[in-house]
Amino acid sequence: MVRRFRGMCFLVVLVIASVILSSLVTSLSYAEKAKVTILWRDDPDEVPVLDEIIKDFNSTHPNITVEAIVVPYDEYDPKLFSMWAAGTPPDIFWCAAESGYVDHAIRDMNFTLDTLVNRDKNVINIKDFYPAAIEGATFRGDLKGLPFAQAYTAIFYNATLFDDAGIKYPTTNWTDKNWTWDKLVGIAKKLTKDINGDGKIDQYGLLDTRDLFEMAWAWGGDMFDPNVYKGYPPEKLTLDKPKNYNALLTALQKRVDLVYKDKVSPTPATQQVIEQMGPPLKTGRLGMVISGDWSIWGAMPKNYKWGIGAVPYSVPNVKKVCLYTDPLEIARTSKHPNEAWEFIKYLASPSAQKKLMEKTSRISSRQSLRKNYIEKISPLMVNTKQGLDQVLSGAFKYCQEDAEHTVFGFYKLQSVWTSETDPLWLEKKGVKEVLDTMIVKVNQAIEENLKGIVVR
Amino acid sequence: MKTRMSPMAKREERYFYLCISPWIAGFLIFTAGPIVASLFFSFCNYDVVTPPNWVGIQNYKRLISDPLFWQSLKVTSYFSLVSVPLGIALSLIIAILLNQNIKGLTWFRTIYYMPSVISGVAVALLWMWIFNPEFGVLNFLLWKLFHIQGPAWLMSEEWVIPALIIMSLWGIGGDIVIYLAGLQGIPTELYEAAEIDGANSFNKFLNITIPMMSPVLLFTLIMGIINSFQVFTQAYVMTRGGPHYASLFYVLYIYQNAFQFFSMGYASALSWILFLIILALTFLIFKSSPLWVYYESTRER
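Chains as they are written, first to last, in this note's numbering: chain A, -16 to 439; chain B, 54 to 354.
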């Protein structure tokens, strides 16, 4: 009987040993091949192309195996951070979710790429990248990632609704002095309609999706100190300066007016209703949207014509919109940083970028590929190719990188100011009262953020 | 005195430990380990990426002065206080109706249980449409039947919690099945004896059904409270805690701190407070149970 027990013990040991042995053998066979992991978000357009690019790369680089780890958007940051905590970070990652490259850099998570870029300057040709994109990947003077794609801000509109109302399309010229906020609201009013005559608006003229910091920019102010965008943690909002405060106050008032005074924008409740039917612009219930170019990602409904225009002046001589850069970063604790760099170089190369642009809706960070992008989208648009080129040059010129990527601890601050401005949309409080409370609360959140890290 | 184990019993014991060892290892590594770790982290500043540094009771101090902590506690208690009793009452009533000798009982049982099978996220998306202020079926019916202009439900500070409470009643099927089983276990002779004594239906319900069901009620009350304090999916999917923190449930706030703000230390402190709250509530209910729970097998001395 004792023998039988020993036999069982032996069996258990054997099973465990064989598991360990087999994993050893597999890892040994990988030993000569560097395995590089890349963490990606589960985007139905991007993932198949990424897989294809990885396949090409692996077949041309026999010593490197790249493997994509794909997770849903909401889980991207938790996955990245927990892989890090476990000591097995992905070799390559990017600000696919809420945390920006500055959040990573302050925690010393990413390599500085300047030396590598200089070493391979002939292949990389860094001058080909939009200057704003390179700035949108720079942390206190150091390049922390190589951009592989962009999103830009503009006015995207349903041209069919313009035709129906007999209105001229918005200009593509960003420096047209006559293209002002009031003009925009005027057009929006003509596009707002109660189609079935039930007393409720069915078609809205304008949806401005810009976040608070973008609104402050547009009205000539700023919520943060210029240094903050370079990667130094904010110590407080700069809204104690009258210029900044008044800019945001006016911007918020104008936004509220769009909904309740001019009645050209849906209330947040109605907006949610529209969004449940799909991306707002594509539903055909919206004339214009000011947003990132994700408003025209994916297939556009064929029963409408579409167009892109310049964002108007909110105040004279001030124009700044948001640019969204996606820089690929290398984990500072990566075991194969050189191999990871090889893949980043490959993904940012013109040939891979072309492939990415053909099969997804993304625009490349390489200026030389802008014409390919225009070629691709122009059949959908009422704009001429020159018009599209003009819109894009402006969008990449009058822009600054998304604060979500450049401001430390941004997500927490954003969630505070989003919640704090809710009463505006519930018509409960006035703009000034809401703004004053919001400033106090966001400053508290900034303090908590600062306590949370060892500031570098 | 403990008697010496027979060789057979000894061998059986060894087999027991051998066979249960995967579970013990799993428990220690995946449950006990993280619990102990979270206690440690609750005294640290920890953003997951950089090593934790000890800050003593700073996280617990911050908690007291954090208005969102109190808000999340308020929201969760409000939800719990209304949804748990309401759920118990409603499921007991339906269980009693289903316990009448009617045809097609199994069908009804299945129909009432069915919603409990559907996953949380799918249910949340479904109810988002129901509560939709413009196109939702709920406001449509309110208008058609009673000429009441329904509220904005999930987009209204006042109505978001009532809306989520209404939605929570969708999942009472599980309790109904438990109550049905309990009801069917009550000996019919008790009712017969009461009838001979001239008791009416209400007397029978109050003096037989309720006492006989009390152990089951205790179980569902405790489970209900624990579950209501752990509400997450609805708030995460449907409201994200809004509008203006009106549906900031406690566990959602823990999630935000842990995985969106990366204040893992603070989130751990919040979790331990939640644990203590649930522990205290469960303890109180258990302590009070001799007053109102009747066990057939225990004799009063």
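Don't be surprised by glycine CBs; every beta carbon is placed ideally from N, CA and C.
Asked                                                                                                                                    : Found
Buried or exposed by the 16-neighbour rule on C-beta atoms within 10 Å, applied to residue 97(B)                                         : buried
Partner residues on chain B for residue 409(A), Cβ-Cβ distance less than 9 angstroms                                                     : 205, 208, 209, 210, 296, 297
heavy atom of the ligand SAH below 7 angstroms from residue 56(A) C-beta                                                                 : This structure lacks the ligand SAH, and indeed carries no ligand of any kind.
Within chain B, partners of residue 203(A) - CB distance below 8 angstroms                                                               : Chain B residues near residue 203(A): none, gap ~28 angstroms exceeds 8 angstroms.
Residues that residue 188(B) contacts on chain A, provided the C-beta gap is smaller than 7 angstroms                                    : 256
Residue closest to residue 147(A), alpha-carbon to alpha-carbon, out of 412(A), 409(A), 129(A), 287(A)                                   : 287(A)
Sequence-distant residues of the same chain with beta carbon closer than 7 angstroms to residue 256(A), five excluded per side           : none
Contact belief for residue 307(A) with residue 133(A) at Cβ below 8 angstroms, rounded distance in angstroms                             : 6 angstroms
Residues in the stretch 61 to 91 of chain A having any Cβ partner in chain B nearer than 7 angstroms                                     : 61, 64, 65, 67, 68, 81, 90
Run of the beta strand (DSSP E) containing residue 133(A), from where it starts to where it stops                                        : 129 to 141
Residues that residue 100(B) contacts on chain A, provided the C-beta gap is smaller than 9 angstroms                                    : 64, 90, 435, 436
Within 8 angstroms, strictly: CB atoms of residue 381(A) and residue 304(A)                                                              : yes
Beta strand (DSSP E) segment containing residue 24(A), residue limits                                                                    : 17 to 24
Any chain B beta carbon closer than 8 angstroms to residue 402(A)                                                                        : yes
Contact list for residue 394(A) against chain B, beta-carbon separation under 8 angstroms                                                : 313, 314
Span separating the alpha-carbon of residue 130(B) from that of residue 290(B)                                                           : 20 angstroms
CB contact below 8 angstroms: residue 112(B) versus chain A                                                                              : no
Nearest residue (CA-CA) to residue 408(A), options 85(A), 160(A), 243(A)                                                                 : 243(A)
C-beta neighbour in chain A for residue 292(B), strict 8 angstroms                                                                       : no
Buried versus exposed call for residue 260(A) [16 or more other C-beta atoms within 10 Å across all chains shown]                        : exposed
Inter-stretch contact at 8 angstroms, needing at least 3 Cβ pairs: the stretch 234 to 241 of chain B / the stretch 146 to 154 of chain B : yes
For residue 255(A), three-class secondary structure by DSSP                                                                              : helix
Assigned secondary structure, residue 298(A) (DSSP; H/G/I helix, E/B strand, else coil)                                                  : coil
Contact under 8 angstroms by Cβ, residue 206(A) with residue 227(A)                                                                      : yes
Extent of the continuous alpha helix (DSSP H) run through residue 226(B)                                                                 : 226 to 237
Where the alpha helix (DSSP H) through residue 266(B) begins and ends                                                                    : 263 to 282
Interface flag, residue 286(B) vs chain A, CB-CB below 8 angstroms                                                                       : no
Chain B contact residues for residue 253(A), given Cβ-Cβ distances below 9 angstroms                                                     : 186, 187
Chain A within 8 angstroms of residue 3(B), Cβ atoms only                                                                                : No information on residue 3(B) is available, as it lies outside the stretch 54 to 354 that chain B covers here.
Residue burial classification, residue 348(B) (beta-carbon count within 10 angstroms, cutoff 16)                                         : exposed
Limits of the alpha helix (DSSP H) - the one that residue 136(B) falls within                                                            : 120 to 152
Any chain B beta carbon closer than 8 angstroms to residue 419(A)                                                                        : no
8 angstroms Cβ cutoff, residue 406(A) in contact with chain B                                                                            : yes
Sufficient close CB pairs (3 or more, under 8 angstroms) joining the stretch 292 to 300 of chain B to the stretch 252 to 267 of chain B  : no
At least 3 beta-carbon pairs within less than 8 angstroms: the stretch 69 to 84 of chain A vs the stretch 349 to 368 of chain A          : no
Spatial distance of residue 141(A) from residue 198(B) (CA atoms)                                                                        : 38 angstroms
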